[in-house]
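Chains A, B, C and D, in that order, are what the protein sequence lines are. Just so it is clear: in the first sequence, position 127 is 127 by this note's numbering, and no numbers are missing. Just so it is clear: in the second sequence, position 296 is 632 by this note's numbering, and no numbers are missing. Just so it is clear: in the third sequence, position 174 is 846 by this note's numbering, and no numbers are missing. Just so it is clear: in the fourth sequence, position 284 is 1292 by this note's numbering, and no numbers are missing. Yeah, the Cβ is synthetic: ideal placement off N, Cα and C, and Gly gets one too. Every value quoted in this text rests on a predicted model; they were computed, and no experiment measured them. Beneath this line is the structure, given in structure tokens, with notes to follow.
Number of protein chains: 4
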Amino acid sequence: MTTIDLCVIGAGRIGRIHAANLARHPEANLRYVVDVDADSARRLAAETAAEAVSVEHALADEAVDAVVIASSTDTHLPLIEACAAAGKAVFCEKPLDLAVDRAYRCVQAASAAGVPLAVGFNRRYDPSFRRLRDEIAAGRLGSVEVVSITSRDPAPPPLDYVRRSGGLFRDMTIHDLDMARWLLGAEPEWVFAAGGSLVDPAIEAAGDIDTAAIILQTGNGAVCQITNSRRCSYGYDQRIEVFGSRGLARADNDTPTRVEIASGDGFLREPALPFFLERYSQAYRLEIDDFLRAVRDESHRLAGGEDGVRALLLAEAAAQSLATGARVRPAPYPRT
Amino acid sequence: MTTIDLCVIGAGRIGRIHAANLARHPEANLRYVVDVDADSARRLAAETAAEAVSVEHALADEAVDAVVIASSTDTHLPLIEACAAAGKAVFCEKPLDLAVDRAYRCVQAASAAGVPLAVGFNRRYDPSFRRLRDEIAAGRLGSVEVVSITSRDPAPPPLDYVRRSGGLFRDMTIHDLDMARWLLGAEPEWVFAAGGSLVDPAIEAAGDIDTAAIILQTGNGAVCQITNSRRCSYGYDQRIEVFGSRGLARADNDTPTRVEIASGDGFLREPALPFFLERYSQAYRLEIDDFLRAVRDESHRLAGGEDGVRALLLAEAAAQSLATGARVRPAPYPRT
Amino acid sequence: MTTIDLCVIGAGRIGRIHAANLARHPEANLRYVVDVDADSARRLAAETAAEAVSVEHALADEAVDAVVIASSTDTHLPLIEACAAAGKAVFCEKPLDLAVDRAYRCVQAASAAGVPLAVGFNRRYDPSFRRLRDEIAAGRLGSVEVVSITSRDPAPPPLDYVRRSGGLFRDMTIHDLDMARWLLGAEPEWVFAAGGSLVDPAIEAAGDIDTAAIILQTGNGAVCQITNSRRCSYGYDQRIEVFGSRGLARADNDTPTRVEIASGDGFLREPALPFFLERYSQAYRLEIDDFLRAVRDESHRLAGGEDGVRALLLAEAAAQSLATGARVRPAPYPRT
Amino acid sequence: MTTIDLCVIGAGRIGRIHAANLARHPEANLRYVVDVDADSARRLAAETAAEAVSVEHALADEAVDAVVIASSTDTHLPLIEACAAAGKAVFCEKPLDLAVDRAYRCVQAASAAGVPLAVGFNRRYDPSFRRLRDEIAAGRLGSVEVVSITSRDPAPPPLDYVRRSGGLFRDMTIHDLDMARWLLGAEPEWVFAAGGSLVDPAIEAAGDIDTAAIILQTGNGAVCQITNSRRCSYGYDQRIEVFGSRGLARADNDTPTRVEIASGDGFLREPALPFFLERYSQAYRLEIDDFLRAVRDESHRLAGGEDGVRALLLAEAAAQSLATGARVRPAPYPRT
């Protein structure tokens, strides 16, 4: 099996995960690391036996097969366009962009160039959530009637991140909206969203919310409920239940160990894994595996650009629902 | 402690539970049983060492302190009025009535006569749900932000019951709406409801739904989510999660035993208790205890008539929301 | 169905449970209560609508079908002999006696008189432990290879009780030894016991131990492990695992509710039910049901006198093993 | 931090795990792979970017700092002696040898040469079992009174492996005996062992057993129970409970995901991870980390040679106890 040569753009928290996974991957050769901050790039390059270069240098190298984009959201579109022009396969962190039209241009660029475009919906690779999907696919739950998603971050992000994030729905809920589509197996016909700022008034002052409850319904009547919070005392709360005509499948949180302590207070298990780096560590490896498979085999189906756009359309509908108090039909998928 | 003399009206499924609990209660004397079907009344009277009589006979007996009403919903109002006129304390099964104005007349009748009126919101007496409320009251969860209620019946009721039931929201969800009020500790400002008929098309033909998802929000931004189904393969699914600023409390289903079987298929626990008679058997005893306490001590606070009316107002708002697709502010509590 | 008339002898903790269960039982008529302390007898009689009388009076009454003996262990033999002579069926709390020969005389007395003799091995009626046995009987575990019993009291009994108790093995372990026989489905060929006084040196000074580990093995090679302690911070720890060639069945502790609290400390469930009154409340009702069935139907098989003697033989072997450090073959069942 | 250069001897199942972990380790450089089967050596070398060489070649290379020995048990002693003579630090899979005197010569060789000698007691690095030890060390359990170890392989090994294995106690139980010492924090004063061949008569014919129950007791009265089987339908059953004066800590099995499926059969979780490669994958990484730390820092304390000898002494005592039916005091640790 030939090795795939890659460049990672963005040496932040997520970029470092992808770089480390690629550096250890038997079928990958991490050739370049790119970051606007030269020091960060150099440090990550040193840790992963790669070279810190400019985007231009990396894209000009014909040996590079694929690029992993983990830089700031506003850079995604120009980078995807440049990668596509250079014929590189692209893995891009979510969201493709905060605006639907720009996100769709990402998809168009990859499509026109005939390169794979993967979007970093890591939860599709979480073994527990994947098992839910497998149970549905195997028909063991019957027809899916209700999907219930609980998704809570341990603490709010910094306020300047909140301001640039596009809001809770585009930043955080977008993962849950993708899960909703993936598990319902159909497009929601409408979205209803409620919420508020219960965690920190500064988030409200920044024009955002930190607590939300959302309902989506598909054409066949199946519904999905989502509950979100930017605060959670017991770890990163990431649970999904799928209720079908024949039964229920539920994915619980993971904990660091399987130990339980019994005392006069009762039986105590550990808090959930603290945040996404821990909870989704295996998912990050599996999604890179999957991307490498797609680079090698064009027919391989990815969580791709269209999924990124469709989740964004749902996030936009949620924002509009929150503003109006009514349920909102998502805008149609763009057609050129 | 003096014994309280009672009459049970209605010898159906619920009436029989209350009669059996009263027959065994050290502080109660079940004197009379009433039912429109004389045979049912006689059988239940025989089992409980009571006497089968007419309503008039029972209410005319000055020794009777209190009446438990478990007859069909349409009889609640005239029976409560008659009991109140006779100065008897009343425990009435939910719903007081399918119509708000008539339900409110029940409250007025009891209030005018100065007799206690309890409504059979049995879940308030379930030890697990009560513990959730105790955790909130003790401040261990901080401020309540999200209440999530899962409530699924094992199978749909007969169609003729569906037709007389007032619809899913008034018949089944009303319990969850009462839990929402009880755990949120504040009145919802609006209700949003979605749903459909996924279990049985005959339910749709009868003008009702069998699957629902509901969101309520209070003035301080706290939300409650409810998911309902008239079908559940793994028993009677009755779970509640209360998420607060300091943590989460969740009440899981109960099972017949604590046994787990491990084999090549995995680790198998028993299905949840099959239905309300099993799940709420202890709650039925505790709510009768509580009613007897109120009969003895007028200052004792009950799940009372006002709670019955308020839950009905929320059910009406849910029905209107389902019809319109918009969130609906519940009608105000009636004032004479 | 004709009602069975009973007398309860012993108005202590266990006698009061049996009396209360009989007072509420639709097929029982608790006619008499007997206790050496007249006040205790009168109080219990008043609570259960029975009459406080002497043993002689109760046994002389031909209407009395059966007697429940819950008095001190040394009175069991003379009382059983008197009951048998009077033709009354007998339910006797464990142990029949601290000495094997006297315990066997209890069995002989009942047998000679042709009256049923039940021994209060309440755990056989615990729904979880009974389910283990049902799984074995149904063949779902294959052949039983290992039974593991965890049995811990929340706190040591008073020292004067310890001194009269016959020692840990005869007093506490005897229940576990009965479970071992019941679940192994065969008689142990030998017993090995280890232990010590880790909880309280006063227990050692009284000639007893408070912590024990025991192994028994049957002729077909199946083993049973028992672990005992007189101290347990997290409630009354009563668990059994049955490991068979096809799988495992395990019965966990029960807790007051199904609530779990999540906070920064983790996920906390309640301590186990505090002690035997709570854990085995349902078992106490079911064992009385079973006894009444046997009173009515002579062919009904009980946890009977022979079981009481055999468990005592194992306890004696355990005591001898602890003293010698070697494994000990239990003495054979007495034959007259 | 300077990189540590290593050689792995033995390209079988365990050798491959260590080689793969070293190949990915940022602080290790896997230089050589050795195996008596040249093809196996070459294949593993190719996968790990190492070179397949002879033992002599590897030990003669001064750049090699440390050797990981995962070859057959009978080769351990000569290899450790050769490594020690060459001044290489040694990690050796358990057991050091099947005979105590030869195992002790391993320790002496390393000690005389002043090189670290680690023994592959992987369970000490399992995060759940390590947490038990941390709880003990932190005093949260009080004084340790009972350790209960459940350890069951999914299926018996091939018969020719059984014949060479030294018997169940030296081959399989040795891990549990090490856990016993590690968690009791004291040396057992005696061992009692029972068992038989319940899984496969061919194992008995080969002079071994497949099912065992063991008790150990330390001088302060604390006991450890071990239950072993060579068959387990629900995965690799590896659980430990530590009961102390203040509470209980228990480590449960791990499962592939956190998913539970509910249906009419009940609530089904997945079987335990299938065998040691899956269950202890993280432990294998952590034990190599720890070994590298010891190579770098001579004062670092390892699960070392003495632990290997002491576990073997307990296994010998267990074998003698099984043969005699009496409890057996382990032979003293050899002193030269």
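Going by the beta-carbon positions, is the gap between residue i and residue j smaller than 7 Å?
i, j, result
"residue 132 (chain A)", "residue 319 (chain A)", "no"
"residue 980 (chain C)", "residue 916 (chain C)", "no"
"residue 816 (chain C)", "residue 921 (chain C)", "no"
"residue 929 (chain C)", "residue 607 (chain B)", "no"
"residue 1239 (chain D)", "residue 1207 (chain D)", "yes"
"residue 880 (chain C)", "residue 819 (chain C)", "no"
"residue 63 (chain A)", "residue 5 (chain A)", "yes"
"residue 599 (chain B)", "residue 1241 (chain D)", "yes"
"residue 312 (chain A)", "residue 53 (chain A)", "no"
"residue 1053 (chain D)", "residue 1067 (chain D)", "no"
"residue 66 (chain A)", "residue 89 (chain A)", "yes"
"residue 830 (chain C)", "residue 882 (chain C)", "no"
"residue 1032 (chain D)", "residue 24 (chain A)", "yes"
"residue 840 (chain C)", "residue 884 (chain C)", "yes"
The beta strand (DSSP E) with residue i in it runs from where to where?
i, result
"residue 1160 (chain D)", "1152–1160"
"residue 28 (chain A)", "28–34"
"residue 1257 (chain D)", "1256–1259"
"residue 898 (chain C)", "895–901"
Determine whether the Cβ of residue i lies closer than 7 Å to any Cβ atom of chain B.
i, result
"residue 860 (chain C)", "no"
"residue 929 (chain C)", "yes"
"residue 1112 (chain D)", "no"
"residue 221 (chain A)", "yes"
"residue 320 (chain A)", "no"
Taking 7 Å as the CB-CB limit, is residue i close to chain D?
i, result
"residue 73 (chain A)", "no"
"residue 598 (chain B)", "yes"
"residue 866 (chain C)", "yes"
"residue 700 (chain C)", "no"
"residue 863 (chain C)", "no"
"residue 885 (chain C)", "yes"
Might you give, ordered along the chain, the residues of its own chain that have their beta carbon closer than 6 Å to the beta carbon of residue i, omitting 5 neighbours on each side?
i, result
"residue 353 (chain B)", "620"
"residue 848 (chain C)", "821, 823, 898"
Tell me which residue opens and which closes the alpha helix (DSSP H) that residue i is part of.
i, result
"residue 496 (chain B)", "495–500"
"residue 750 (chain C)", "748–757"
"residue 1139 (chain D)", "1135–1145"
"residue 539 (chain B)", "537–541"
Between which residues of its own chain and residue i is the CB-CB distance below 7 Å, once the five residues before and five after are set aside?
i, result
"residue 182 (chain A)", "124, 133"
"residue 191 (chain A)", "214, 216, 314, 317, 318, 321, 327, 328, 330"
"residue 28 (chain A)", "3, 4, 6, 22, 292"
"residue 77 (chain A)", "97, 102, 105, 106"
Would residue i count as contacting chain A if we go by Cβ distances under 7 Å?
i, result
"residue 426 (chain B)", "no"
"residue 943 (chain C)", "yes"
To the nearest whole angstrom, what separates the beta carbons of residue i and residue j, a pair I think is in contact under 8 Å?
i, j, result
"residue 416 (chain B)", "residue 346 (chain B)", "Their Cβ separation, rounded to whole angstroms, is 13 Å, which puts residue 416 (chain B) and residue 346 (chain B) out of contact at 8 Å."
"residue 48 (chain A)", "residue 30 (chain A)", "5 Å"
"residue 965 (chain C)", "residue 972 (chain C)", "5 Å"
"residue 1269 (chain D)", "residue 140 (chain A)", "7 Å"
"residue 694 (chain C)", "residue 680 (chain C)", "7 Å"
"residue 875 (chain C)", "residue 767 (chain C)", "Contact doesn't hold; Cβ gap of about 19 Å is too wide."
"residue 1243 (chain D)", "residue 1281 (chain D)", "6 Å"
Using a Cβ-Cβ cut-off of 8 Å (strictly less than) and excluding sequence neighbours within five positions of residue i, which residues of its own chain qualify?
i, result
"residue 783 (chain C)", "789, 977"
Could one say the Cβ of residue i lies closer than 7 Å to chain C's Cβ atoms, at least one of them?
i, result
"residue 1255 (chain D)", "yes"
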